[in-house]
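Chains as they are written, first to last, in this note's numbering: chain A, 12 to 208; chain B, 124 to 591.
Every residue gets a Cβ at the ideal spot worked out from N, C-alpha and C, and that includes glycine.
Following: one structure in structure tokens, then a few remarks.
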């Protein structure tokens with residue numbers, strides 16, 4: 012699947028350090044497939060104990076229907092390495108998260124699941140926080156975000172991840188093609204454990 | 124080459140398979156640790172694509188996250204959790220991977236089992252689908268947590284595509300005062316730099332205090348590197364490291380040992396090598412630490428008061444602190460010491476090794492757990508459990524009214540049925556105090572095994588120095 016542009020209303024969750032236990036609590040991690048993980052998204056912020064929705068939570072508002080971009084506070088996705096977090100976001104239609112920074116493991120996991128982590132400068136972030144439900148455009152190819160004011164800001168993405176998203180490159184397929192180099196490395200390798208001994 | 128390198132750069136250079144412009148470096152992985160929660164979808168990818176595990180001899184699995192801590196010969200009542208454990212058995216059998224299952228006397232938390240078996244060795248690259256993989260950095264290994272897609276990539280290719288990390292020296296100098304432990308050092312570091320402070324970095328813990336720590340204490344510190352946002356954390360190997368490894372099952376033997384030792388001695392950071400960031404901490408000034416909020420950076424010395432949002436200027440930071448105090452139902456400006464608690468948990472990959480259990484038992488011995496408190500002691504592995512029983516620690520805990528259980532992650536992340544009830548407060552030796560981490564609505568104060576044990580006795584958050 013190629014991933015070039017997003018144009019969507021933004022949902023704003025102005026909280027720093029949103030951890031992966033909030034994005035999807037551990038009790039949803041017992042599944043052996045990816046199916047149905049979307050139900051666990053922000054479970055304890057989104058729903059009451061009896062399963063009824065909390066109307067004040069941003070993704071429960073009527074405007075949130077069809078939203079593809081989430082704007083959050085700094086250091087989004089910190090904590091556990093669970094890839095269930097991007098899986099749950101994607102299963103709820105989120106295609107990009109905009110913040111001032113992301114936790115490393117979450118960022119890597121997101122990029123492998125067609126979920127775009129977008130880091131913007133503080134002033135652009137401040138504008139977005141003040142513009143819930145405004146329409147924002149993200150262009151992956153030119154690495155630009157068009158803010159509600161019409162101003163555009165650039166965002167960083169490493170060249171390889173960008174190619175994988177835009178061209179639909181299969182990362183594992185690419186790695187398997189490196190087999191000769193891997194075999195050559197293994198032939199020279201010294202000092203190793205053997206877990207099967 | 125005259126360039127001075129840090130240990131992180133040396134390990135990195137030793138593992139580059141290919142480095143091409145525009146593509147992250149392809150890095151070889153020496154050891155892949157697996158557990159039941161983050162691997163099923165990766166094995167499914169291998170099946171879907173008709174792939175094999177490239178190096179089952181560099182891969183090992185255990186069961187820890189979903190495992191009950193009730194006796195392992197009893198039937199598992201949680202059928203969803205059981206299905207995950209059954210799938211792990213099947214995946215390891217189908218792909219030829221050694222598994223320490225619930226019947227094995229080597230089963231345990233993946234980050235306790237690896238070092239204990241001598242699998243974790245200096246200079247290695249080690250990965251696991253678990254953010255606390257940095258624990259293995261205590262041995263001078265570059266060890267980091269990965270997602271499930273990457274678990275699949277490592278299973279299939281024994282490699283990862285990685286960008287180099289920035290280096291971050293954390294120097295701890297001086298002598299720890301009585302009652303102050305490795306856990307207090309790392310909680311103080313995280314309180315200082317914040318939970319995003321180490322993003323894109325690898326911490327190297329150094330300085331006289333770190334040199335004086337045991338391997339288990341170093342593991343506690345490296346374990347929580349992710350809580351400071353770092354990709355990994357490590358300590359350069361020294362004689363303490365080599366003495367710990369020697370003679371363990373997977374440690375090199377004979378001439379291989381001598382060759383390994385010669386290689387390992389080359390690893391420490393060169394004199395005058397430069398780091399991108401550095402922080403120095405004075406161990407003499409540290410007190411026992413405890414967290415009050417909903418992330419591990421929200422920590423204070425036990426004699427300090429809970430911070431006041433009124434003193435915070437950044438609007439999001441302020442509202443986060445207000446939100447945390449509301450969730451925890453705590454008042455700003457008040458001491459945390461003396462706050463009533465319901466549960467004490469001694470366990471997790473941070474603090475469930477034999478020295479942690481000995482520390483907790485030293486406080487518990489001859490005393491009783493407060494009748495208001497439920498105390499769980501969960502050894503990190505079946506080997507730790509066996510050792511604790513040989514030393515009579517199980518009896519000390521049980522005589523005091525605590526519950527001494529089977530090995531696993533248990534109440535650190537509450538996947539296995541060991542959990543807090545909504546509104547309950549715990550003092551926990553684990554690594555995360557996120558909302559609901561130990562059970563929906565539960566509230567966690569992170570602390571050392573000494574502080575946890577003292578709090579269990581008194582029934583309130585306690586300064587352990589009053590019981591020494």
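The C-alpha of residue 100 (chain A) is placed about 17 angstroms away from the C-alpha of residue 161 (chain B).
Of the residues B:194, B:202, B:391, the one whose Cα lies closest to the Cα of residue 227 (chain B) is B:194. Residues of the segment 280-291 of chain B with a Cβ closer than 8 angstroms to any Cβ of chain A, in chain order: 280, 281, 282, 284, 286. When 8 angstroms is used as the limit between beta carbons, residue 36 (chain A) is near these residues of chain B: 559, 563, in chain order. Closer than 7 angstroms to the CB of residue 189 (chain A) there is at least one CB belonging to chain B.
Within 9 angstroms of the CB of residue 293 (chain B), no CB atom of chain A is found; the nearest one sits about 17 angstroms away. In the assembly as shown, residue 433 (chain B) is an exposed residue. Its beta-carbon has fewer than 16 other beta-carbons within 10 Å.
Residue 18 (chain A) is bridged by DSSP to A:148. Close to chain B, meaning a Cβ-Cβ distance shorter than 7 angstroms, are the following residues of the segment 101-125 of chain A: 112, 114, 115, 116, 119, 120, 123. By DSSP's assignment, residue 204 (chain A) forms no beta bridge with any residue. If you check the CB distance, residue 53 (chain A) and residue 125 (chain A) do not come in under 7 angstroms. Under the Cβ criterion (8 angstroms, minimum of three pairs), the segment 555-568 of chain B does not count as touching the segment 282-299 of chain B. Pairing residue 438 (chain B) with residue 390 (chain B) gives a Cβ-Cβ distance that is not under 7 angstroms.
If you check the CB distance, residue 402 (chain B) and residue 303 (chain B) do not come in under 7 angstroms. For residue 141 (chain A), the closest Cβ of chain B is not nearer than 7 angstroms. Taking a C-beta distance under 7 angstroms as the contact criterion, residue 17 (chain A) and residue 149 (chain A) qualify as a contact pair. Within the DSSP bridge table, the entry for residue 151 (chain B) names B:282 as partners.
With at least 16 other beta carbons inside 10 angstroms of its own, residue 207 (chain B) counts as buried. Residue 84 (chain A) sits away from residue 32 (chain A), with the two beta carbons spaced by 7 angstroms or more.
Around the beta carbon of residue 306 (chain B), 16 or more other beta carbons sit within 10 angstroms, so the residue counts as buried. Proximity of the segment 523-539 of chain B to the segment 35-47 of chain A meets the contact definition, three or more beta-carbon pairs being nearer than 8 angstroms. Under the three-state reduction of DSSP, residue 498 (chain B) is assigned to strand. Here residue 185 (chain B) is not near residue 346 (chain B), since their CB atoms are 7 angstroms or more apart.
Using a Cβ-Cβ distance cut-off of 8 angstroms, the segment 237-254 of chain B and the segment 368-381 of chain B are in contact, since at least three pairs of beta carbons, one from each stretch, lie closer than that value. Spatial neighbours of residue 319 (chain B) in its own chain (CB-CB distance under 7 angstroms, excluding positions within 5 residues in sequence) are listed in chain order as 352.
The beta carbon of residue 458 (chain B) is closer than 7 angstroms to those of 428 in its chain, skipping five residues each way along the sequence.
Of all residues in the segment 378-395 of chain B, the ones placed with a Cβ closer than 8 angstroms to any Cβ belonging to chain A are 379, 382, 383, 386, in chain order. Secondary structure at residue 490 (chain B): coil, using DSSP grouped into helix, strand and coil. Given a length threshold of 4 residues, each whole run of the alpha helix (DSSP H) inside the segment 93-171 of chain A is given here in chain order: 95-102, 115-122, 133-140.
For residue 341 (chain B), there is no enclosing beta strand (DSSP E); the residue is part of the alpha helix (DSSP H) that begins and ends at 338-346. Neighbours of residue 151 (chain B) in chain A, taken as residues at a C-beta separation under 9 angstroms, are given in chain order as 193, 196, 197, 200.
One thing to note: residue 364 (chain B) has its Cβ no nearer than 7 angstroms to the Cβ of residue 267 (chain B). The residue from A:129, A:105, A:46, A:79 with its alpha-carbon nearest to that of residue 113 (chain A) is A:129. Residue pairing from DSSP places residue 422 (chain B) in a beta bridge opposite B:414. Counting the other CB atoms within 10 Å of its CB gives residue 489 (chain B) a total below 16, which places it among the exposed residues. In this structure, the CA atom of residue 375 (chain B) is about 10 angstroms from the CA atom of residue 242 (chain B).
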